[in-house]
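Participant: I am attaching a structure below and will ask some questions about it afterwards.
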Amino acid sequence: MQTQLNWDMERIFKGGSDSEELSQFIDGIRETISEAKKLIINWSAEQANSHTTELLDFLDKRQTAYDNLSEASTFSRGILSANVDDSKAAKRVNELSRLGSEMSDVETLFMKKLKAVPEDQWTELIAHEGLKQSSFNLNEKREKGKKLLSEKEERIIQQLSLDGLEGFGNVYQSLVNSIRVPFKKDGELSTLSAGQAANKLSGDPDPAVRESLLDNWELTWHAKAPLFADTLNHLAGFRLQTYELRGEDHFLDPALEYNRLKKDTLDMMWDTITENKPKVVDFLNRKAKLMGKDKLNWADVTAPISLGDFEPKSYSFEEAQSLVVDHFASFSQEMKELAETAFEQNWVEAEDRDGKRPGAYCSNLPMSGESRVFMTFSGSANNVSTLAHELGHAYHSHVMRDLPHLNRRYAMNVAETASTFCEMVISSATVEAAESIEEKIALLDSRISRAAVMFMNIHSRYLFETRFYEQRQKGLLDEKELSQLMEDAQKEAFQNALDTYHPMFWASKLHFHITGVPFYNFPYTFGFLFSLGIYSHAKNQESAFEDDYRELLRDTASMTTEDLAEKHLNVDLTQPDFWQAAIDEVLADIDEYMTLTDSYI
Numbered sequence: 001m002q003t004q005l006n007w008d009m010e011r012i013f014k015g016g017s018d019s020e021e022l023s024q025f026i027d028g029i030r031e032t033i034s035e036a037k038k039l040i041i042n043w044s045a046e047q048a049n050s051h052t053t054e055l056l057d058f059l060d061k062r063q064t065a066y067d068n069l070s071e072a073s074t075f076s077r078g079i080l081s082a083n084v085d086d087s088k089a090a091k092r093v094n095e096l097s098r099l100g101s102e103m104s105d106v107e108t109l110f111m112k113k114l115k116a117v118p119e120d121q122w123t124e125l126i127a128h129e130g131l132k133q134s135s136f137n138l139n140e141k142r143e144k145g146k147k148l149l150s151e152k153e154e155r156i157i158q159q160l161s162l163d164g165l166e167g168f169g170n171v172y173q174s175l176v177n178s179i180r181v182p183f184k185k186d187g188e189l190s191t192l193s194a195g196q197a198a199n200k201l202s203g204d205p206d207p208a209v210r211e212s213l214l215d216n217w218e219l220t221w222h223a224k225a226p227l228f229a230d231t232l233n234h235l236a237g238f239r240l241q242t243y244e245l246r247g248e249d250h251f252l253d254p255a256l257e258y259n260r261l262k263k264d265t266l267d268m269m270w271d272t273i274t275e276n277k278p279k280v281v282d283f284l285n286r287k288a289k290l291m292g293k294d295k296l297n298w299a300d301v302t303a304p305i306s307l308g309d310f311e312p313k314s315y316s317f318e319e320a321q322s323l324v325v326d327h328f329a330s331f332s333q334e335m336k337e338l339a340e341t342a343f344e345q346n347w348v349e350a351e352d353r354d355g356k357r358p359g360a361y362c363s364n365l366p367m368s369g370e371s372r373v374f375m376t377f378s379g380s381a382n383n384v385s386t387l388a389h390e391l392g393h394a395y396h397s398h399v400m401r402d403l404p405h406l407n408r409r410y411a412m413n414v415a416e417t418a419s420t421f422c423e424m425v426i427s428s429a430t431v432e433a434a435e436s437i438e439e440k441i442a443l444l445d446s447r448i449s450r451a452a453v454m455f456m457n458i459h460s461r462y463l464f465e466t467r468f469y470e471q472r473q474k475g476l477l478d479e480k481e482l483s484q485l486m487e488d489a490q491k492e493a494f495q496n497a498l499d500t501y502h503p504m505f506w507a508s509k510l511h512f513h514i515t516g517v518p519f520y521n522f523p524y525t526f527g528f529l530f531s532l533g534i535y536s537h538a539k540n541q542e543s544a545f546e547d548d549y550r551e552l553l554r555d556t557a558s559m560t561t562e563d564l565a566e567k568h569l570n571v572d573l574t575q576p577d578f579w580q581a582a583i584d585e586v587l588a589d590i591d592e593y594m595t596l597t598d599s600y601i
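FYI, the numbering for the sequence shown is 1 to 601, going by full-length UniProt numbering.
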């Protein structure tokens, strides 16, 4: 097990942000990108079938460039995440972003060349033995190539994005790094970083602490609201202008295309959720009564609950590791071994301290064959779930390592599949092992609260962002307008079930300011329900589901989401049946929760 709370980055590159090894490695990336660019420039698309070897050489060099970029970026961003004041790490991240932009130029050339292949040669080309495994991805690249502007224009967009899109993303992160939330406990006043405050806001068992902290949290973000409004407006503005230049019909289309998802599927998911929300509201109302309140506030939704003499358990990091390993083993030996490797080799940065960025993530190291997990572990059950969640991402990367790079680029909606599935493995096992009714209620509460976040909170993000982009097309929105949009979306999504909302959520939530992926919201709910559907399917399988599940994950970057579900689960995602079956898993938990808590109200 991992005996320390900090990850081992020295095994990747020695010396942290001052690493000479990293400097040399980055020089190598620069050279590899240059070589890849020469190869794709010299490849004859018009005579593609007689120059297949040259294309294969390019794809091999392209894979090396991307894998090396991922290796160096995971390391550098990790160093900066663990110490937001490390200016040298910030410079490394910026340097690698610029190399990523250079690689985007190469990718544009690649897609343009694929577009130029004559129709009568294309079918034969992608049937080649060295290319047919990636035929879906090559077709996808070719179609994207048809939407691109000229090579020169696309290069201009990429160059401007460094100080435009990426620049405003960096400004947002700098602002977040400066956030300090006042916190008073036992008469002593201190300040918390954004990450520490977020942990307490969702996990502190004392409702008075949560309520006080929510007020301070809101005020702290509000103090810099005009600056956050600037970053959000300009991030969206850059995207909208780029979409217009490329002739995109709707601002949501790039997000759907990225997620390989139909709008009909997304609409059906939200419609089915909305039909089932009244029962989730019943849960929220019951939770409020158990807390002695008429209604929950924003911070209460995911807060732990305790009844009778039972107090929510606080886990040591060692206990959390044991839980993850033991419960992963109940489903998959390979998942168990992956978790053991992660802990034995110190893949996890878990220390609860100032100076870290908020949130949690897992990032891949393709050259090392490893991953790194970043989080802030303070001992709550939610922290244990987060640990399992992020290791699910590591497992997803693990089962795809032998695939070509093109076949490893899965989208965010299915990226959340393995991670959320791992959470369910943990939560189901702990609920079944509960030693008292009070403990079972607390565990069910945690599990249903997460579902409420997926159905209500994430829905509010989707509603907000959709309406924001609609209005942003007409002009800038100030902080008051953004806060009003946010609060209106939260009230609608939660069906007015709360008595206090979080109008400044548009500023405090990193996902609205992420530069790499637009609409960083609905994929979470999709992944959650998709995983529930897979879990429900697995429970009904007479034979072991582990191999089938592994194959599903390996296909996540090689077909549309609808085809993935059809192939591996035999379901139609544009119809309500699959979504309802997944939601029924949550409704069953709510029924049990309501029955168990009847005697406490």
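From the three backbone atoms N, C-alpha and C, an ideal C-beta is built for every residue, glycine too.
Given Pro576, which residues of its chain have a CB within under 8 Å of its CB, disregarding the five upstream and five downstream residues?
Facilitator: Answer for Pro576: Met268, Asp271, Thr272, listed in chain order.
Participant: Measure the C-alpha to C-alpha separation of Val384 and Ala507 and round it to an integer number of angstroms.
Facilitator: Looking at the two C-alpha atoms, the distance is approximately 27 Å.
Participant: Ordered along the chain, which non-local residues of its own chain (more than five positions away) have a Cβ less than 6 Å from that of Leu55?
Facilitator: Once the five neighbours on either side are set aside, the close Cβ partners of Leu55 are Trp43.
Participant: Please tell me whether Met1 and Gln321 are closer than 8 Å, where the distance is taken between their beta carbons.
Facilitator: Closer than 8 Å, so yes.
Participant: Skipping 5 residues on each side, what residues in its chain have a beta carbon closer than 6 Å to that of His405?
Facilitator: The answer, listed in chain order, is Gln63, Tyr66.
Participant: Between Ile157 and Leu256, what straight-line distance do the alpha-carbon atoms span, to the nearest angstrom?
Facilitator: One C-alpha to the other measures close to 21 Å.
Participant: Under a Cβ-count criterion, where at least 16 other Cβ atoms within 10 Å of its own Cβ denotes burial, should Gly145 be classed as buried or exposed?
Facilitator: Under this definition Gly145 is a buried residue.
Participant: Tell me whether Asp352 sits in a helix, a strand or coil according to DSSP, three-state version.
Facilitator: Looking at Asp352 - three-state DSSP - the assignment turns out to be coil, as it is neither helix nor strand.
Participant: With three or more beta-carbon pairs closer than 8 Å as the criterion, would you say the stretch 286-300 touches the stretch 463-482?
Facilitator: Not touching, per the Cβ criterion.
Participant: Per DSSP, Val324 forms a beta bridge with which residues?
Facilitator: Per DSSP, none; premise fails for Val324.
Participant: When DSSP builds the beta bridges, which residues end up paired with Tyr258?
Facilitator: Beta-bridge pairing links Tyr258 to no other residue.
Participant: Buried or exposed for Thr430, please, with buried defined as at least 16 other CB atoms from any protein chain shown within 10 angstroms of its CB.
Facilitator: Under this definition Thr430 is a buried residue.
Participant: DSSP three-state call for Arg180: helix, strand or coil?
Facilitator: Reduced to three states, the DSSP call for Arg180 is coil.
Participant: Under the DSSP definition of a beta bridge, which residues are partnered with Asn364?
Facilitator: In the DSSP output, where bridge partners are listed per residue, Asn364 has Ser371.
Participant: In terms of DSSP beta bridges, what is Ser190 paired with?
Facilitator: Note: Ser190 sits in a beta bridge opposite Phe183.
Participant: Determine whether the beta carbon atoms of Phe578 and Ala565 lie at a separation below 8 Å.
Facilitator: Taking 8 Å as the Cβ cut-off, Phe578 and Ala565 qualify as a contacting pair.
Participant: Could you tell me whether the Cβ atoms of Leu214 and Phe168 are closer together than 8 Å?
Facilitator: Not in contact: Leu214 and Phe168 (Cβ atoms no closer than 8 Å).
Participant: Counting Cβ pairs closer than 8 Å, one from the stretch 405-414 and one from the stretch 124-139, do we hit at least three?
Facilitator: In short, these stretches touch, since the Cβ pair count reaches three.
Participant: Would DSSP call Thr500 helix, strand or coil?
Facilitator: Three-state result, Thr500: strand.
Participant: Counting only the same chain and skipping the five closest in sequence on each side, list residues whose C-beta sits under 6 Å from that of Leu395.
Facilitator: In the sequence on display, residue 395 carries Tyr and not Leu. Answer for Tyr395: Met335, Leu338, Ala418, listed in chain order.
Participant: Taking just the CA atoms, how far does Ala411 sit from Ala525?
Facilitator: Correcting the residue identity first, residue 525 is Thr in this sequence and not Ala. Taking the straight line joining both Cα atoms gives about 14 Å.
Participant: What residue range does the alpha helix (DSSP H) around Gly145 cover?
Facilitator: Residues 135-147.
Participant: Out of Ala299, Thr560, Ser101, point me to the one whose CA is closest to Pro205's CA.
Facilitator: For Pro205, the nearest C-alpha among the options comes from Ala299.
Participant: Considering only DSSP beta bridges, list what Asn297 is partnered with.
Facilitator: BP columns for Asn297 point to Thr500.
Participant: Would you report the Cα separation of Thr515 and Asp309, rounded to the nearest angstrom?
Facilitator: Those two C-alpha atoms are separated by around 47 Å.
Participant: Return yes when the C-beta of Ser427 is under 7 Å from any heavy atom of the ligand FMN, and no when it is not.
Facilitator: Among the components modelled here there is no ligand, and therefore nothing to report on the ligand FMN.
Participant: Rounded to the nearest angstrom, what separates Glu46 and Gln121 at their Cα positions?
Facilitator: In a straight line, the C-alpha of Glu46 is about 9 Å away from that of Gln121.
Participant: Over the uninterrupted alpha helix (DSSP H) stretch that includes Val414, give me the two end residues.
Facilitator: Counting along the chain, the alpha helix (DSSP H) containing Val414 begins and ends at 412-432.
Participant: According to DSSP, is Gln121 helix, strand or coil?
Facilitator: The answer is helix: DSSP assigns Gln121 an H, G or I state.
Participant: Near Asn521, what residues of its chain come up, given a Cβ to Cβ distance below 8 Å and the 5 sequence neighbours on each side ignored?
Facilitator: Once the five neighbours on either side are set aside, the close Cβ partners of Asn521 are Ile458, Arg461, Tyr462, Glu465, His511.
Participant: Report the three-state DSSP secondary structure of His568 (helix, strand or coil).
Facilitator: Note: His568 maps to helix in three-state DSSP.
Participant: Report the option in Glu439, Gln490, Ile437, Ser436 whose CA atom is closest to the CA atom of Met454.
Facilitator: Closest by alpha carbon: Gln490.
Participant: How long is the line joining the alpha carbons of Leu573 and Glu244, rounded to whole angstroms?
Facilitator: The straight-line gap from Cα to Cα measures roughly 30 Å.
Participant: Between which two residues does the alpha helix (DSSP H) harbouring Ala229 extend?
Facilitator: Start and end: 225-246.
Participant: Assess contact between the stretch 352-370 and the stretch 387-394, defined as three or more Cβ pairs (one per stretch) separated by less than 8 Å. Is contact present?
Facilitator: Taking 8 Å as the limit for Cβ pairs, the verdict is that the stretch 387-394 does touch the stretch 352-370.
Participant: Pick out whichever of Leu125, His502, Leu532 has its Cα sitting closest to the Cα of Arg142.
Facilitator: That would be Leu125, whose Cα lies nearest to the Cα of Arg142.
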